[in-house]
Ligand code: 13P
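In the numbering used here, the protein residues as written are 21 to 241.
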């Protein structure tokens with residue numbers, strides 16, 4: 021179908037578990053599959069499936085220096101072609117739209133493609149939230165190598181999904197502002213993936229990407 025199917029493993033899987041998982045799926049060129057493992061499993065993942073199928077779940081916005089515990093986009097580029105930026109679980113910790121904008125620019129400067137996550141929390145106005153997150157997150161960025169992931173916060177890890185019509189609305193709102201591919205994330209499973217895929221350019225899968233059998237069904241759609 022030639023869609024983007026991205027797996028966000030969050031804080032799960034050792035490198036050994038990652039290797040076991042990858043042995044059980046087959047990545048064809050039917051869809052663009054990108055795996056976002058933890059930093060510690062990234063070298064193993066990258067050596068099995070290649071940098072062009074691998075991504076980091078986060079990057080820092082400086083290239084190098086005295087930033088204990090941070091990982092720079094240049095370091096990530098050794099192993100991966102993609103960086104996930106602005107996930108709501110990181111926004112909830114401490115990342116502002118301004119920090120996210122800095123990370124997007126730094127990632128692009130290092131030659132990474134960026135998967136920028138945006139989405140409203142329950143009770144927030146969707147379009148207003150998306151407009152602000154996109155404007156600040158993409159300030160000074162080159163839209164060419166950006167994929168936007170629309171992930172309504174209320175749909176993440178809850179089993180609640182946005183309806184296909186709501187996703188379609190959000191996708192066209194985003195596309196009217198930016199010339200980027202737009203994918204959907206939030207409680208995607210092997211059973212609902214096809215419906216979601218019919219209204220966007222791909223999927224960002226969390227929980228359901230941890231199980232090789234389930235994920236295989238999604239990437240083979
Ligand atoms: P779930 O698929 O577990 O809801 O997570 C979605 C997500 O956060 C992907 O980045």
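We put the beta carbon where it would ideally sit given N, CA and C, even for glycine.
**OP:** Flag this pair as yes or no: are the beta carbons of residue 94 and residue 83 separated by less than 8 Å?
**Re:** Position 74 of the chain shown, counted from the start, is the residue given in the question as residue 94. Position 63 of the chain shown, counted from the start, is the residue given in the question as residue 83. Yes, the Cβ-Cβ distance between residue 94 and residue 83 is below 8 Å.
Original post:
Who are the near neighbours of residue 199 in its chain, counting only those whose CB is closer than 7 Å to its CB and skipping five residues on each side?
Top reply: Here residue 199 refers to the residue found at position 179 when the chain shown is read from its first residue. If we look at residue 199 and ignore the five residues flanking it on each side, its Cβ neighbours are 163.
**OP:** Entirely within the stretch 34 to 121 and at least 4 residues each: give me those alpha helix (DSSP H) ranges in chain order.
**Re:** 35 to 43, 62 to 69, 93 to 97, 108 to 111
Original post:
Using 8 Å as the threshold, is the stretch 211 to 218 in touch with the stretch 169 to 177, meaning 3 or more CB pairs across them?
Top reply: no
Subject >> C-beta neighbour in chain D for residue 167, strict 8 Å >> reply: The chain inventory of the structure shown lacks chain D, comprising one protein chain alone.
**OP:** Express the C-alpha separation of residue 21 and residue 126 in angstroms, rounding to a whole number.
**Re:** Within the chain shown, residue 126 is the residue found at index 106, counting from 1. Within the chain shown, residue 21 is the residue found at index 1, counting from 1. Rounded to whole angstroms, residue 126 to residue 21 spans 32 Å at the Cα level.
Original post:
Under a Cβ-count criterion, where at least 16 other Cβ atoms within 10 Å of its own Cβ denotes burial, should residue 46 be classed as buried or exposed?
Top reply: Locating residue 46 in the chain shown gives position 26, counting from the first residue. Burial state of residue 46 is exposed, judged by a 10 Å Cβ sphere holding fewer than 16 other Cβ atoms.
Original post:
In chain order, what residues of the same chain have a beta carbon less than 8 Å from the beta carbon of residue 234, not counting five sequence neighbours either side?
Top reply: In the chain shown, residue 234 corresponds to position 214, counting from 1. Cβ-Cβ distances below 8 Å link residue 234 to 209, 210, 228 in the same chain, with the five nearest sequence neighbours on each side left out; the list follows chain order.
Original post:
Any heavy atom of the ligand 13P closer than 7 Å to the Cβ of residue 142?
Top reply: Here residue 142 corresponds to residue number 122 of the chain shown, with the count starting at 1. No.
Original post:
Going by Cα to Cα distance, which pick from 68, 60, 33 is closest to residue 230?
Top reply: Along the chain shown, read from residue 1 onward, the residue named residue 230 stands at position 210. Shortest Cα-Cα distance from residue 230 to any of 68, 60, 33 involves 33.
Original post:
What is the DSSP secondary structure of residue 201, counted as helix, strand or coil?
Top reply: Residue mapping note: residue 201 aligns to position 181 of the chain shown, counting from 1. Strand.
Original post:
Can you give the Cα-Cα distance for residue 186 and residue 155, rounded to whole angstroms?
Top reply: Mapped onto the chain shown, residue 186 falls at position 166. Mapped onto the chain shown, residue 155 falls at position 135. Looking at the two C-alpha atoms, the distance is approximately 21 Å.
**OP:** Starting from the N-terminal side, write out each stretch of the beta strand (DSSP E) that is 3 residues or longer and does not extend beyond the stretch 184 to 236.
**Re:** Within the stretch 184 to 236, the complete beta strand (DSSP E) runs of at least 3 residues are 201 to 205, 222 to 225.
Original post:
CB of residue 138 to nearest heavy atom of the ligand 13P: below 7 Å?
Top reply: Within the chain shown, the letter at position 118 stands for residue 138. Relative to the ligand 13P, even the nearest heavy atom lies 7 Å or more away from the CB of residue 138.
Original post:
Starting from residue 136 and walking both ways along the beta strand (DSSP E), at which residues does that stretch end?
Top reply: Here residue 136 refers to the residue found at position 116 when the chain shown is read from its first residue. Looking at the DSSP string, the run of the beta strand (DSSP E) that includes residue 136 is 133 to 138.
**OP:** Check whether the Cβ of residue 207 lies closer than 7 Å to any heavy atom of the ligand 13P, and answer yes or no.
**Re:** Position 187 of the chain shown, counted from the first residue, corresponds to residue 207. Yes; taking the cut-off as 7 Å, the Cβ of residue 207 has a heavy atom of the ligand 13P nearer than that.
Subject >> Proximity test, residue 228 beta-carbon vs the ligand 13P heavy atom, cut-off 7 Å >> reply: Looking up residue 228 in the chain shown gives position 208. Yes, Cβ of residue 228 sits closer than 7 Å to a heavy atom of the ligand 13P.
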